[in-house]
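Read in order, the letters of the sequence shown are residues 1 to 556 in UniProt numbering.
Written out below as structure tokens is the structure these notes cover.
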Amino acid sequence: MTTTTRVAAAAAGVLLVAAALAGVARGEDPYVFFEWKVTYGTKTLLDAPQKVILINGEFPGPRINCSSNNNIVVNVFNQLDEPLLFTWNGMQHRKNSWQDGLAGTQCPIAPGTNYTYKWQPKDQIGSFFYFPSLGMHRAAGGYGGISVVSRLLIPVPFDPPADDHMVLIGDWYTKDHAAMAKMLDAGKSFGRPHGVVINGKSGKAAADPPMFTVEAGKTYRLRVCNVGIKASLNFRIQGHDMKLVEMEGSHTVQDMYDSLDVHVGHCLSVLVDADQKPGDYYAVASTRFIHEAKSVSAVIRYSGSSTPPSPAVPEPPAGWAWSINQWRSFRWNLTASAARPNPQGSYHYGQINITRTIRLMVSRGHIDGKLKYGFNGVSHVDAETPLKLAEYFNVTDGVFRYNQMTDVPPAVNGPLHVVPNVITAEFRTFIEIIFENPEKSMDSVHLDGYAFFAVGMGPGKWSAEERKTYNLLDGVSRHSVQVYPRSWTAIMLTFDNAGMWNVRSNIWERHYLGEQLYISVVSPARSLRDEYNMPENALRCGKVVGLPLPPSYLPA
1 MTTTTRVAAA AAGVLLVAAA LAGVARGEDP YVFFEWKVTY GTKTLLDAPQ
51 KVILINGEFP GPRINCSSNN NIVVNVFNQL DEPLLFTWNG MQHRKNSWQD
101 GLAGTQCPIA PGTNYTYKWQ PKDQIGSFFY FPSLGMHRAA GGYGGISVVS
151 RLLIPVPFDP PADDHMVLIG DWYTKDHAAM AKMLDAGKSF GRPHGVVING
201 KSGKAAADPP MFTVEAGKTY RLRVCNVGIK ASLNFRIQGH DMKLVEMEGS
251 HTVQDMYDSL DVHVGHCLSV LVDADQKPGD YYAVASTRFI HEAKSVSAVI
301 RYSGSSTPPS PAVPEPPAGW AWSINQWRSF RWNLTASAAR PNPQGSYHYG
351 QINITRTIRL MVSRGHIDGK LKYGFNGVSH VDAETPLKLA EYFNVTDGVF
401 RYNQMTDVPP AVNGPLHVVP NVITAEFRTF IEIIFENPEK SMDSVHLDGY
451 AFFAVGMGPG KWSAEERKTY NLLDGVSRHS VQVYPRSWTA IMLTFDNAGM
501 WNVRSNIWER HYLGEQLYIS VVSPARSLRD EYNMPENALR CGKVVGLPLP
551 PSYLPA
């Protein structure tokens, strides 16, 4: 990026903040401002000092606390020695895939420059997180929590807790993230995680000082997110039950659990009563479904306690059946309001006719001796020009072609086709997507820009007969879902959010090696009612540098 371009980018950020302030004066939804300086730093995790990504010197990064419909403005200064992007996991970005922060939607923020994101959790509540999305950055930290609370006039189906805490759990590797990328590029796997961290700490550092202090007799909300890159985790609190109240933006039926499986990329909220004898208690996160299980324990301390926690740490559950049955127990709270003053159950997804079924089977193969993943025989590779920009400027020739992947897996597994993988979906159609995972290891998938209904899962290959087992009444509306080994998972959703949206594996090794695609959803009306215009401060790269802007979308 030239000096002139850097100055222009910085000026655009200043203009955006100025525009935001003007918006406040006009009575728009409130604005929340952040300025992030992203750097490398050294942290000792798992007894090994290593390079991590810090935000304003913090690991994890700052928590984004906001209310539904707030305007979030994040000015990111990239002080790394390589390009950077942030994605906002679970944020629906209504009409605004420009802010999605992936290589298919945005040009990267070059070293020594800044970019200002502006997005809204439009009609959205819940627990989410952000992370750096390029390469293997996610393995180096740079992540943080996002909590979106309901507006004051919207009822919440539980009393206000005494406090609201973010609990970021995840597996961790002692290898440098750049070395991990080189291993994958060379056709090698980086293997199993070396341990688990909780809020950026492990070992003795996680237990002393205490993670949280509580008052006896009070109730606390914990927002638990698995920010790791490979391992499903089980979370539990010594001597305490947890009441599940929310998952990725949906209020749930409030059942009690003594432990919860939290898969990679997933978030949930629990209420915990401080109803035990005052003392110290362990909160434990441990890996699931992999050999040589790892765990981390942090201390929750009752105020004034001098009693250490019992060494009898609760054991995690065993087996796949337990985990699947727990997932089946999760239910949408049909009587609760969401981010708007109407019951969540007023949307009867099970009564909508399916217009299209897309079966996405995980593909794995070797090309020139190097491992690749994909869907339906196509392994995604990022283009020099972000796909969204190429589509907006109508310069897709030489960048990508639509629909090189079919809606059903190939009858015979052939060699993987490595291209930018973009399929189209008709605007405002109701679609069923089946994820099939023939691998021996766990998968977790995420869809940007949307909440979907996870309606079914089971072993083996999916067939139309499996629809008889679907939950068509109160499946939880969410953004990520697990796919067990040699199993399938079914979701349903309405494609009512125009833009270019990423479908990806949350297992970052698989994602890096091509298990992702983009869905282009175009509104025929080309109206601001359906999609925003490209932001004035949008970075340009590849084939769109110097091109005149296409005609703007107009108000409906």
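Note that beta-carbon positions come from the ideal geometry of N, C-alpha and C, so glycine has one too.
Using CA atoms only, rank isn't needed, just tell me which of the options is closest to residue i.
i, options, result
"Val483", "Ala498, Pro209 and Ile433", "Ile433"
"Ser523", "Glu536, Glu509, Met500 and Ser202", "Met500"
"Asn497", "Leu233, Lys37 and Arg94", "Arg94"
"Phe34", "Ile72, Arg359, Glu58 and Thr42", "Ile72"
"Asp164", "Lys294, Asn65, Asn353 and Arg401", "Asn65"
"Lys201", "Thr44, Ala525, Val362 and Arg328", "Thr44"
"Tyr470", "Tyr349, Val503 and Arg401", "Tyr349"
"Ser329", "Val313, Asp261 and Ser297", "Asp261"
"Pro278", "Phe289, Val296, Thr307 and Ile290", "Thr307"
"Val32", "Asp47, Tyr40 and Val74", "Val74"
Take residue i and list the residues in its own chain whose beta-carbon comes closer than 6 Å to its own, dropping the five residues that flank it on each side.
i, result
"Thr494", "Phe430"
"Ser337", "Ile154 and Pro155"
"Gly345", "Leu334"
"Thr489", "Phe435, Met457, Val481 and Val483"
With a 10 Å radius around its C-beta and 16 neighbouring C-beta atoms as the bar for buried, classify residue i as buried or exposed.
i, result
"Ser127", "buried"
"Ser412", "First, the residue type needs correcting, since residue 412 is Val and not Ser in the sequence shown. It counts as exposed."
"Ala179", "exposed"
"Gly546", "exposed"
"His366", "exposed"
"Met256", "exposed"
"Ile423", "buried"
"Ala454", "buried"
"Gly319", "exposed"
"Asp530", "buried"
"Pro555", "exposed"
"Thr42", "exposed"
"Val105", "For clarity, residue 105 is Thr in the given sequence; the question names Val instead. Buried, since its Cβ has 16 or more Cβ neighbours within 10 Å."
"Lys440", "exposed"
"Ile491", "buried"
"Pro550", "exposed"
"Glu292", "exposed"
"Gln351", "exposed"
"Pro548", "exposed"
"Gly414", "exposed"
"Pro341", "exposed"
Please work out which residues of its chain come closer than 7 Å, Cβ to Cβ, to residue i, disregarding the five sequence neighbours upstream and downstream, and give them in chain order.
i, result
"Ala11", "Here the model assigns Ala11 a pLDDT of 38, short of 50, so the residue's position is not dependable and the matter cannot be decided."
"Glu391", "Met500 and Ser520"
"Lys243", "Gln254, Met256, Val270 and Leu271"
"Asn376", "Leu360, Met361, Ser363, Met405, Thr406, Pro409 and Pro410"
"Ile290", "Arg192 and Ala231"
What distance in whole Å lies between the Cβ atoms of residue j and residue i, which are believed to be in contact at a cut-off of 8 Å?
i, j, result
"Ser552", "Asn533", "5 Å"
"Phe158", "Leu271", "6 Å"
"Asp29", "Asn70", "6 Å"
"Met247", "Arg478", "6 Å"
"Lys188", "Ile507", "Their Cβ separation, rounded to whole angstroms, is 16 Å, which puts Lys188 and Ile507 out of contact at 8 Å."
"Pro210", "Asp280", "7 Å"
"Ala283", "Glu215", "Incorrect: roughly 17 Å between the Cβ atoms, too far for contact."
"Arg486", "Gly449", "Contact flag wrong, Cβ pair sits at about 29 Å."
"Ser286", "Leu222", "No, Ser286 and Leu222 are not in contact; Cβ-Cβ is about 17 Å, not under 8 Å."
"Pro309", "Gln238", "6 Å"
"Leu80", "Tyr40", "6 Å"
Looking only at its chain, what residues have a beta carbon closer than 8 Å to the beta carbon of residue i, apart from the 5 residues adjacent to it on each side?
i, result
"Thr219", "Asp159, Pro161, Ala162, Leu271, Val272, Asp273 and Ala274"
Does the ligand FMN have a heavy atom nearer than 8 Å to the CB of residue i?
i, result
"Tyr392", "Within the structure as shown, the ligand FMN is missing, as the structure has no ligands at all."
Inset, instruction - Report yes or no: do the stretch 35-51 and the stretch 458-466 share at least 3 C-beta pairs separated by less than 8 Å? - result: The stretch 35-51, when compared against the stretch 458-466, does not touch it at the 8 Å Cβ threshold.
Inset, instruction - State whether the stretch 296-305 contacts the stretch 114-123, with contact taken as three or more CB pairs (one from each stretch) at a distance under 8 Å. - result: Because the criterion of three Cβ pairs below 8 Å is not met, the stretch 296-305 and the stretch 114-123 do not touch.
Inset, instruction - Count the C-beta pairs between the stretch 98-116 and the stretch 138-145 that are closer than 8 Å, then say yes if the count reaches three, no if not. - result: Cβ pair count under 8 Å is below three, so no.
Inset, instruction - Check whether the stretch 188-200 touches the stretch 161-175, counting contact only when three or more Cβ pairs, one atom from each stretch, lie closer than 8 Å. - result: Between the stretch 188-200 and the stretch 161-175 there are three or more inter-stretch CB-CB distances shorter than 8 Å, so the stretches are counted as touching.
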